[in-house]
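Asker: Can you read through this structure? Questions will come right after.
Protein chains in written order, with UniProt numbering: chain W, 1 to 359; chain Z, 1 to 359.
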């Protein structure tokens with residue numbers, strides 16, 4: 001028997017999920033979005049400050065500091081250089097923060113502070129080569145146009161981050177000017193955004209104002225205070241910087257706490273890691289007692305993106321079930337049962353869990 | 001010192017929060033929406049089934065059953081009858097379901113499955129009078145055009161609910177054809193929607209197909225199975241139907257788990273009850289040890305809507321704080337410390353709580 005009333009008008013839209021509005025922090029409805037490249041309107045937004053104002057100057061990018069020939073590149077010049085396009089997943093270091101127990105203060109991100117697409121731009125190494133790195137060069141600092149006040153700090157700050165030389169020289173670290181074949185949307189860094197594959201997205205500085213090569217370790221708010229793992233509540237002991245994306249996975253369907261029919265259900269999700277490709281995803285429907293290997297979608301495999309996976313589940317008996325997903329990457333990293341708690345709530349990557357009821 | 005970079009372009013938008021897409025269930029971003037009447041694009045959407053298809057017939061409303069003169073009213077006729085406009089809050093019975101502990105299956109609504117505005121239409125009592133109620137009339141059944149399958153039930157169902165005679169005859173129970181001065185948006189029941197002030201919104205049937213007066217107690221899925229409080233996990237003992245909206249409140253600002261500066265913060269929220277007007281709201285910033293009466297916004301007081309409230313909080317010391325809000329209505333109902341758990345997760349109305357960190 002077929003029941004046909006699914007010709008809904010108008011079409012359904014998932015929209016973004018707001019965590020704060022001032023500044024704007026909104027996540028992608030990833031449970032509902034099965035696209036390969038995230039459309040710009042659904043790309044998650046993570047801001048520390050209000051959106052900056054652009055001027056004519058924003059279309060000129062200076063490189064200064066420990067270089068032989070300080071340079072200022074115009075936007076037009078950058079467009080004329082040999083380009084590189086990389087498909088890159090950007091994940092907020094605070095993604096899944098709401099899952100930490102005990103709860104951690106800050107934006108309560110679910111699993112959607114993560115989006116991906118094709119970024120086109122000029123390899124940073126080419127620009128650094130034009131300027132000529134001195135041997136004293138130790139780190140490269142990127143300053144954005146976004147600035148403002150933060151709780152507990154009396155003077156305003158600009159957003160700024162540094163990269164170590166070797167990551168800066170990687171051919172896939174680019175100064176991007178296009179996203180998915182169009183100029184980068186303003187809210188995502190137009191006109192120029194640094195794209196650092198494999199690192200959490202705090203490294204991919206938006207609205208780049210200037211690049212400075214320095215001969216020491218950069219000490220900025222977003223480098224030495226924020227975006228640091230502090231494993232202890234009351235002391236800074238054992239702290240270490242947030243860098244590479246942890247091996248991780250999420251179950252997109254079914255939804256947590258949903259009620260389903262008896263029958264075959266397709267369990268769908270994604271898995272990703274900054275350490276390498278996803279090599280396998282295992283799924284359990286009995287709370288981790290037994291695991292079955294899911295099918296990876298070969299066409300979604302790419303060095304810096306998520307990999308889609310799927311598995312059919314024959315739900316024969318009524319009752320409550322816990323579905324779990326566990327990803328493994330090419331470096332051999334496997335998602336842990338629990339993610340190490342840290343005071344600012346970064347890098348959550350425990351095995352994903354969803355509870356469902358079959359009735 | 002003034003730091004002026006708040007001239008964000010383009011403007012921020014809160015959007016809806018999706019809970020499911022098929023059918024479409026999305027909540028209003030109430031933490032960010034401070035409007036009196038909810039704009040249609042931000043009105044929460046709660047569907048049991050796919051959106052129905054309308055036909056010419058959808059513009060004719062029959063009243064049959066225990067009446068002297070069965071009638072069919074055309075949409076045009078209804079527009080010509082004396083109208084009534086009521087400002088009504090609609091709240092999903094599952095609003096705040098995600099706060100129940102233990103967790104309850106079903107759409108995981110936060111506090112935004114709730115919206116309000118001006119509904120204009122014809123009092124239902126006038127229509128019943130045209131048809132002439134027989135003395136055998138006991139309940140009025142409203143059937144919507146929406147239908148489909150549900151987990152665990154093998155045949156498709158129409159959405160239908162009944163009202164007892166006395167609620168049906170209340171002058172503010174209307175067959176609405178306008179929302180906020182315009183035709184009701186399709187997703188909210190166009191062309192005709194029953195509006196039942198003071199009851200949870202499952203009673204306000206959308207896309208009304210027909211009205212039937214019956215001489216017995218209606219036994220529909222959404223009357224005797226769903227929208228019933230079951231206080232026990234394993235038995236139906238003590239069950240009772242969901243009807244009137246519980247006294248309730250929510251803290252809109254500050255956000256839960258946010259990090260704030262030392263200084264004066266405006267705590268803002270709303271309070272509502274189906275039992276009468278909100279007479280006071282008390283706020284605690286010390287986890288319920290002491291309470292201070294908040295200021296009610298007189299202009300937002302109206303019999304069937306939420307009341308906005310506000311209070312200034314001088315946050316002098318650094319540390320973690322729990323802010324709580326507790327509403328009282330004109331019937332003397334006060335929000336409890338804990339909301340009675342029930343198997344399907346309806347009517348959550350415990351004192352609202354928000355944790356913040358001052359740094």
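Think of the CB as a built atom: it goes at the ideal place given N, C-alpha and C, for glycine as much as any other residue.
#1: Less than 8 Å between the C-beta atoms of residue 295 of chain Z and residue 309 of chain Z, yes or no?
#2: Residues of chain Z with a CB under 8 Å from the CB of residue 103 of chain W: which are they?
#3: So what's residue 116 of chain Z in DSSP terms, helix, strand or just coil?
#4: So, do the segment 243–259 of chain Z and the segment 94–112 of chain W have three or more beta carbon pairs nearer to each other than 8 Å?
#5: Please check the pair residue 162 of chain Z and residue 195 of chain Z, which I expect to be a contact at CB under 8 Å, by giving their CB distance rounded to whole angstroms.
#6: So residue 81 of chain Z and residue 122 of chain Z are in contact, right, with Cβ under 8 Å, and what is the actual spacing, rounded?
#7: Report, in whole angstroms, the separation of the C-beta atoms of residue 191 of chain W and residue 75 of chain W, which I expect to be a contact under 8 Å.
#8: If you measure from the CB of residue 287 of chain W, is any heavy atom of the ligand ATP nearer than 7 Å?
#9: For residue 69 of chain Z and residue 118 of chain Z, which I take to be in contact (beta-carbon distance under 8 Å), what is that distance rounded to the nearest angstrom?
#10: At least one CB of chain Z closer than 8 Å to the CB of residue 261 of chain W: is that the case?
#11: Near residue 3 of chain W, what residues of its chain come up, given a Cβ to Cβ distance below 8 Å and the 5 sequence neighbours on each side ignored?
#12: Between the C-alpha atoms of residue 202 of chain W and residue 48 of chain W, what's the straight-line distance to the nearest angstrom?
#13: Taking residue 352 of chain Z as part of the beta strand (DSSP E), name the residues at either end of that continuous run.
#14: If we call anything under 8 Å between Cβ atoms a contact, is residue 438 of chain Z one with residue 244 of chain Z?
#15: Is residue 83 of chain Z helix, strand or coil when you go by DSSP?
#16: Is the CB-CB distance between residue 73 of chain Z and residue 54 of chain Z below 8 Å?
#17: In chain order, what residues of the same chain have a beta carbon less than 7 Å from the beta carbon of residue 1 of chain W, not counting five sequence neighbours either side?
#18: Can you list the alpha helix (DSSP H) stretches of 4 or more residues lying completely in the segment 150–177 of chain W, in chain order?
#19: Can you give me the Cβ contacts of residue 233 of chain Z inside the same chain, cut-off strictly under 8 Å, excluding the 5 residues immediately before and after it?
#20: On the three-pair Cβ rule with 8 Å, is the segment 284–302 of chain W touching the segment 128–139 of chain W?
#21: Name the residue from Z:114, Z:13, Z:15 whose alpha carbon lies nearest to the alpha carbon of residue 46 of chain Z.
#22: According to the neighbour-count rule (16 or more other Cβ atoms, all chains shown, within 10 Å of its Cβ), is residue 111 of chain W buried or exposed?
#23: If you measure between the beta carbons of residue 209 of chain W and residue 145 of chain W, is that distance less than 8 Å?
#24: Below 7 Å on C-beta distance, what does residue 106 of chain Z contact in chain W?
#25: Should residue 124 of chain W go down as buried or exposed, given a rule of 16 or more other Cβ atoms within 10 Å for buried?
#26: Once DSSP output is grouped into helix, strand and coil, what is the label at residue 22 of chain Z?
#27: In chain Z, which residues lie with their C-beta within 8 Å of the C-beta of residue 85 of chain W?
#28: Between the alpha carbons of residue 51 of chain W and residue 204 of chain W, how many angstroms are there, rounded?
#29: How close, in whole Å, do the beta carbons of residue 345 of chain Z and residue 104 of chain Z come, if the pair is a contact with beta carbons under 8 Å?
#30: Within 10 Å of its beta-carbon, does residue 181 of chain Z have 16 or more other beta-carbons around it, so buried, or fewer, so exposed?
#31: Can you confirm whether residue 20 of chain W, when its beta carbon is compared against all beta carbons of chain Z, has any partner nearer than 8 Å?
#32: Taking a Cβ distance cut-off of 7 Å, strictly less, list which residues of the segment 148–163 of chain W are near chain A, in chain order.
Answerer: A quick look at the data gives this:
#1: The answer is yes: Cβ separation under 8 Å.
#2: At a C-beta separation below 8 Å, residue 103 of chain W has these neighbours in chain Z: 257, 355.
#3: Strand, per DSSP.
#4: The segment 243–259 of chain Z makes contact with the segment 94–112 of chain W: 3 or more CB pairs, one atom from each, lie closer than 8 Å.
#5: Not quite, the Cβ-Cβ distance comes to about 16 Å (not below 8 Å), so this is no contact.
#6: Right, the Cβ-Cβ distance comes to about 5 Å (below 8 Å), so this counts as a contact.
#7: Confirmed, Cβ separation roughly 6 Å.
#8: This structure lacks the ligand ATP, and indeed carries no ligand of any kind.
#9: Not confirmed; about 32 Å, so no contact.
#10: Proximity of residue 261 of chain W to chain Z, defined by a Cβ-Cβ separation below 8 Å, is satisfied.
#11: With a pLDDT of only 46 at residue 3 of chain W, under 50, the local geometry of the prediction cannot be trusted, and the value read off the model is given with reservation. The beta carbon of residue 3 of chain W lies closer than 8 Å to none in the same chain, with the five residues before and after it left out.
#12: Rounded to whole angstroms, residue 202 of chain W to residue 48 of chain W spans 10 Å at the Cα level.
#13: Element bounds for residue 352 of chain Z: 352–358.
#14: Past the edges of chain Z, shown from 1 to 359, lies residue 438 of chain Z, and the structure says nothing about it.
#15: In the structure shown, residue 83 of chain Z adopts coil according to DSSP, grouped into three states.
#16: For residue 73 of chain Z and residue 54 of chain Z, no; Cβs fall outside 8 Å.
#17: For residue 1 of chain W, the predicted model reports a pLDDT of 37, less than 50, meaning its position is unreliable and no value from the coordinates is stated.
#18: Entirely contained in the segment 150–177 of chain W, the alpha helix (DSSP H) runs reaching 4 residues are, in chain order, 165–168.
#19: Result list for residue 233 of chain Z: 343, in chain order.
#20: Not touching, per the Cβ criterion.
#21: Each of Z:114, Z:13, Z:15 was checked against the Cα of residue 46 of chain Z, and the nearest Cα belongs to Z:114.
#22: Of the residues assessed, residue 111 of chain W falls on the buried side of the cut-off, its CB having 16 or more other CB atoms within 10 angstroms.
#23: In contact: residue 209 of chain W and residue 145 of chain W (Cβ atoms closer than 8 Å).
#24: The answer, in chain order, is 257, 259.
#25: Residue 124 of chain W is buried by the Cβ-count criterion.
#26: Coil at residue 22 of chain Z, not helix or strand.
#27: Here the premise fails: no neighbours, minimum Cβ distance about 27 Å.
#28: About 16 Å.
#29: So it is a contact: roughly 3 Å between Cβ atoms.
#30: Taking a 10 Å sphere around the C-beta of residue 181 of chain Z, we find fewer than 16 other C-beta atoms and assign the residue as exposed.
#31: Closer than 8 Å: yes.
#32: Annotation note: the requested chain A is absent from the structure, which comprises protein chains W and Z.
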